[in-house]
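In the numbering used here, the protein residues as written are 680 to 1001.
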Ligand code: GLU
């Protein structure tokens, strides 16, 4: 089977060194083995999506030398997500939930770290429909997946190694979408990876712990895939690479200074200087090298990428000085 990878930006802000490093790894992983690249704009996250950010991301990526074979926009695919959601509803696998984040936090029996909260199933079986849930709470509900006892998912990540999670014990009934029609990140991402024939997902390791839930959804969609004539769709394999962080060890953000590609462009940096710096951080080039994406094809290897997060401070200094 031909390798198919994807670039899946969310237009919630400008592209910066951190997300470009992950896209670079993803693109090289696909192209270095003659694979195809699918571009998918994940623009379902209103109101966090910023006007103009989608086009700006495309412009930045093209300027940096990225290309792709197919292009999709999630906001144009709502009917597909609704159909998938309906199938899960008919199987009794999803239900509307009106608990706020605070409610869920208060229901924790033990402190849970990170962004993922354990949800004990408070709203399971509580409402007959989304509108009933909405009338009850006056808050927009979310769809949750009713996880069966003993749902343990294990997979071999191409970078992070073996990962195993007892989904019910760790997450409980995890959220699927904050949209009545199912057009939310988690469900849409799983549906699209299946329908777009993605063979491997390369992305940041902030999503590693969310992957077992995505595999659970993908498995549950098998009857729907057969129904729509896509029984051939395969669950992709995964490759989660470390994020770029600030000197404080936290995920790259505005507080770490301006690492936007647009700012480097405006300051006169070349694409090769930016790619060179990111390549050096992956062990494929000496510091200060100027390289195009294509020149990196023969140098690409997952094995030289450091397993710890990369610190952005040095990267910015190197781009600015080149
Ligand atoms: N659109 C997501 C992001 O930009 C990535 C999702 C994924 O790779 O599955 O964070």
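The beta carbon of each residue, even a glycine, is placed where N, CA and C say it ideally should be.
- No heavy atom of ligand 1 is found nearer than 6 Å to the CB of residue 918.
- Counting only unbroken stretches of 3 or more residues, the beta strand (DSSP E) elements lying wholly within the stretch 711-748 are 715-720, in sequence order.
- By the Cβ criterion, the stretch 856-863 is not in contact with the stretch 827-845, since fewer than three pairs of Cβ atoms, one from each stretch, lie closer than 8 Å.
- Excluding its 5 nearest sequence neighbours in each direction, residue 777 has C-beta neighbours in its own chain below 7 Å: 802, 812, 815, 816, 818, 820, listed in chain order.
- In terms of Cα proximity to residue 755, the closest of 972, 914, 871 is 871.
- Beta-carbon to beta-carbon, residue 714 and residue 692 are separated by about 28 Å, too far to satisfy the 8 Å threshold.
- Here residue 720 is buried. Its C-beta has 16 or more other C-beta atoms within 10 Å.
- In this structure, the C-beta of residue 755 stays at least 6 Å away from each heavy atom of ligand 1.
- Within its own chain, no residue has a Cβ closer than 6 Å to the Cβ of residue 805 once the five positions on either side in sequence are excluded.
- Where residue 868 is concerned, there is no enclosing beta strand (DSSP E), although the alpha helix (DSSP H) around it starts and stops at 864-874.
- Taking the C-beta atoms as reference points, residue 839 is found nearer than 7 Å to residue 919.
- Short note on residue 768: C-beta not closer than 6 Å to any heavy atom of ligand 1.
- Residue 760 sits in a helix when the DSSP states are folded into three classes.
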